[in-house]
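Participant: Those letters in the sequence shown? Residues 412 to 861, per our numbering, in order. Yeah, the Cβ is synthetic: ideal placement off N, Cα and C, and Gly gets one too.
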Amino acid sequence: MNMHWFLWGILLTAMEIFLKYYLLERRLGSGKNGMKPIVGALIIFILMAVFRSMPVNSSFLLGINFLVTIGYAYATFGSGQIARIVWGCFAGLLPAITDTLAVLIAETFHYGDLSGMWSPGSVWFYITATSLMIEIIIVLTAANIKSYSTYSLTVRQLLFLVGMSAVSIIALNLQMEIVSTLANMLGTQKAQYEAVFVSLCFLIILTALIFLVYSLGKQSQKTIEKTLEARQEHLEKEYYRSNEVSVNALRGLRHDISTHMHVMKRLMDEGRTEELREYFDSVENQYRKSSALFLTEDTMLNALLTSKQMTAQNSHINMQLSYATKRRIPLSTADLCSLMGNMIDNAMDACKKVTDEKLRYIDISVGDRGEMIYIKVKNGSDGTYHIVDGELQTTKTGTGHGIGLKRIRSIAESAGGFFDINPRPDVFTAIVMLPSEQKEGDHRDQNRHN
412 MNMHWFLWGI
422 LLTAMEIFLK
432 YYLLERRLGS
442 GKNGMKPIVG
452 ALIIFILMAV
462 FRSMPVNSSF
472 LLGINFLVTI
482 GYAYATFGSG
492 QIARIVWGCF
502 AGLLPAITDT
512 LAVLIAETFH
522 YGDLSGMWSP
532 GSVWFYITAT
542 SLMIEIIIVL
552 TAANIKSYST
562 YSLTVRQLLF
572 LVGMSAVSII
582 ALNLQMEIVS
592 TLANMLGTQK
602 AQYEAVFVSL
612 CFLIILTALI
622 FLVYSLGKQS
632 QKTIEKTLEA
642 RQEHLEKEYY
652 RSNEVSVNAL
662 RGLRHDISTH
672 MHVMKRLMDE
682 GRTEELREYF
692 DSVENQYRKS
702 SALFLTEDTM
712 LNALLTSKQM
722 TAQNSHINMQ
732 LSYATKRRIP
742 LSTADLCSLM
752 GNMIDNAMDA
762 CKKVTDEKLR
772 YIDISVGDRG
782 EMIYIKVKNG
792 SDGTYHIVDG
802 ELQTTKTGTG
812 HGIGLKRIRS
822 IAESAGGFFD
832 INPRPDVFTA
842 IVMLPSEQKE
852 GDHRDQNRHN
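Next comes the structure, spelled out in structure tokens:
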């Protein structure tokens, strides 16, 4: 290979990798941790430059490029896992798609022998330059469109997408070989039309498969939206119910205060100061235990915690909260309320089985641990657990039970965190660790309420 053709190949590789970086950075954003995108791009450049200098066929290069691009998108960029895989597949398929379009253009406007289109020469230069121009246009368009329909894919759909992409690469490469063979063997205008027809068929099939995956994603998104709507409706009902409970509690408090004032006035009038002091201390202790208010910056979370606290109080369970983080919890209000609600409900169910009143307690703490935020719920337990294959199972019967722990784990893992439990004979601890968004002032420091 002449030096100028070698340098042209290196330039092509550099431009393709830069376009990948530009597209993925615009659509996904830079990752918070791990390898930096620039470093990853440099590694890919060296790898692909080495492969281009070796006597390997185009199918192998396209396959390596596809796999490396998915890994590059997943390991070095931000956004969610599904978005990284989808955009990684798209960026990995770009060379195959643009090469096919370049060959299609060559078939249409270049009559003659295309058999040497993948060997260094004028035809190769024409096709690779055309492919690069097409790739630039596609990348600039895809990277700068303001909005995309948001959709999610299941694991099976993701596997189907990756498999479909791999098959498409093989099919596109086969198409190029067919085009080259037809043009070289027949060398007629009819052969040229047949080659164009083959290219169009492959492109139509690829487009149909991409549309199928997109449709599956849209359907999944509709299901997710319905689930979110149902969860939001549940939270709103919980909020209104807690307000109703608070109003009823205030009415009862007004009546109780009137009664207490009457009793204390009578004791004072009769000069029974010692009994008055004892009565006052008793009333003070009673309201100290029952007046815990949970105040965070999240109104819905306040309503949930207040409602759970009143429920615990009615069940003779001592519930305490320590909220000591200024960082922003990386969860939506719906997910945060769902996570904490499930953790507290599990703790209440366990406490109701405990006969010793000293063990009927729930301690909730939210704070910082290094670069992570922890949400810990510790409660008294009777020591009865049902564990199968290392996983805690619900002891409740009937449908609808056993979802809480799975939901907690799902929310934690979707935010890049994890969920862990520590069951002991007299105490059960559940803890969720979440990555911190490092945003100060979003929540107030909270002291422990008794």
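1) Could you please give me the residues that DSSP links to Leu845 through a beta bridge?
2) Pop quiz: Arg771 and Gly752 are said to be a contact at Cβ under 8 Å. What is the actual Cβ separation, rounded to whole angstroms?
3) Which residue wins for smallest C-alpha separation from Pro834, given the options Leu430, Gly828, Ala484, Val788?
4) Given that a residue counts as buried once 16 or more other Cβ atoms are within 10 Å of its Cβ, and exposed if not, what is Gln492?
5) Using 9 Å as the threshold, is the C-beta distance between Gly503 and Leu478 below it?
6) Return the bridge partner residues of Thr840 from the DSSP annotation.
7) Going by DSSP, what residue range makes up the alpha helix (DSSP H) through Met711?
8) How should Thr488 be labelled, buried or exposed, when 16 other C-beta atoms within 10 angstroms of its C-beta is the threshold for buried?
9) Compute the Euclidean distance between the alpha carbons of Ala703 and His727, then round it to the nearest angstrom.
10) Would you say the segment 760 to 776 touches the segment 820 to 829, given that touching needs at least three Cβ pairs under 8 Å?
11) What residue from Leu747, Leu458, His671, Ile773 has the CA that sits closest to Met721's CA?
12) Please classify Lys719 as buried or exposed, where buried requires at least 16 other C-beta atoms within 10 Å of its C-beta.
13) Taking only the alpha-carbon atoms, compute the straight-line gap between Ile516 and Leu422 and give it to the nearest angstrom.
14) In three-state terms, what does DSSP make of Leu732?
15) Leaving out five residues on either side along the sequence, give the residues of the same chain with a beta carbon under 8 Å from the beta carbon of Ala823.
16) Once the 5 residues before and after Ile755 are set aside, which same chain residues still bring their CB inside 6 Å of it?
17) With 16 as the cutoff for other CB atoms within 10 Å, does Thr541 come out buried or exposed?
18) Does Lys451 pass the burial test, meaning 16 or more other C-beta atoms within 10 Å, or should it be called exposed?
19) Rounded to the nearest angstrom, how far is the Cβ of Ala494 from that of Leu439, given a contact under 8 Å?
20) Considering Cα atoms alone, identify which of Val674, Glu686, Tyr796 is closest to Pro836.
21) Please classify Thr552 as buried or exposed, where buried requires at least 16 neighbouring CB atoms within 10 angstroms.
22) Nearest CA to the CA of Ile548: which residue from Lys637, Met679, Glu695, Lys431?
23) Going by beta carbon distance, what residues of the same chain come within less than 7 Å of Leu687, once the five residues before and after it are set aside?
24) What would DSSP say about Val777, mapped onto helix, strand or coil?
25) Could you give the residue range of the alpha helix (DSSP H) that holds Arg739?
26) Which same chain residues end up closer than 8 Å to Gly482 when comparing Cβ atoms and leaving out the 5 residues on each side of it in sequence?
27) Going by other Cβ atoms of all chains shown within 10 Å of its Cβ, with 16 needed for buried, is Met672 buried or exposed?
28) Using C-beta distances below 7 Å, list every residue in its chain close to Thr539, excluding the 5 sequence neighbours before and after it, in chain order.
Facilitator: Quick look at the numbers:
1) Beta-bridge pairing links Leu845 to Ile784.
2) At roughly 19 Å, the Cβ-Cβ gap does not stay under 8 Å, so Arg771 and Gly752 are not in contact.
3) For Pro834, the nearest C-alpha among the options comes from Val788.
4) With fewer than 16 other CB atoms across the displayed protein chains lying within 10 angstroms of its CB, Gln492 is exposed.
5) Yes; because the gap between Cβ atoms is below 9 Å, this pair is in contact.
6) Beta-bridge analysis with DSSP links Thr840 to Lys789, Asn833.
7) 710 to 725 is the span of the alpha helix (DSSP H), which, as asked, contains Met711.
8) It should be noted that the sequence gives Phe, not Thr, for residue 488. Under this definition Phe488 is a buried residue.
9) Note on Ala703: pLDDT 49, under 50, position unreliable in the model; no value is reported.
10) Not touching, per the Cβ criterion.
11) With distances taken between Cα atoms, Met721 lies closest to Ile773.
12) Buried, by the Cβ-count rule.
13) So the two alpha carbons sit approximately 22 Å from each other.
14) Leu732 falls in the strand class under three-state DSSP.
15) Same-chain partners within the cutoff: Leu750, Phe829, Phe830, Val843, Met844, Leu845.
16) Listed in chain order, the non-local C-beta contacts of Ile755 below 6 Å within the same chain comprise Lys719, local neighbours out to five positions each way being set aside.
17) By the 10 Å Cβ count, Thr541 comes out buried.
18) Strictly speaking, residue 451 in this sequence is Gly, with Lys absent from that position. That one is buried.
19) A Cβ-Cβ separation of about 6 Å places Ala494 in contact with Leu439 under the 8 Å criterion.
20) Among Val674, Glu686, Tyr796, the Cα nearest to that of Pro836 is on Tyr796.
21) Classification of Thr552: exposed, given that the 10 Å Cβ count is below 16.
22) Of the candidates Lys637, Met679, Glu695, Lys431, the residue whose Cα lies closest to the Cα of Ile548 is Lys431.
23) Cβ within range, chain order: Met675, Leu678, Met679.
24) Strand, per DSSP.
25) Under the DSSP assignment, Arg739 falls outside any alpha helix (DSSP H); it carries neither an H nor an E label.
26) Excluding the 5 residues flanking it on each side, Gly482 has same chain C-beta neighbours closer than 8 Å at Gly499, in chain order.
27) Exposed, because fewer than 16 other Cβ atoms sit within 10 Å of the Cβ of Met672.
28) Leu423.
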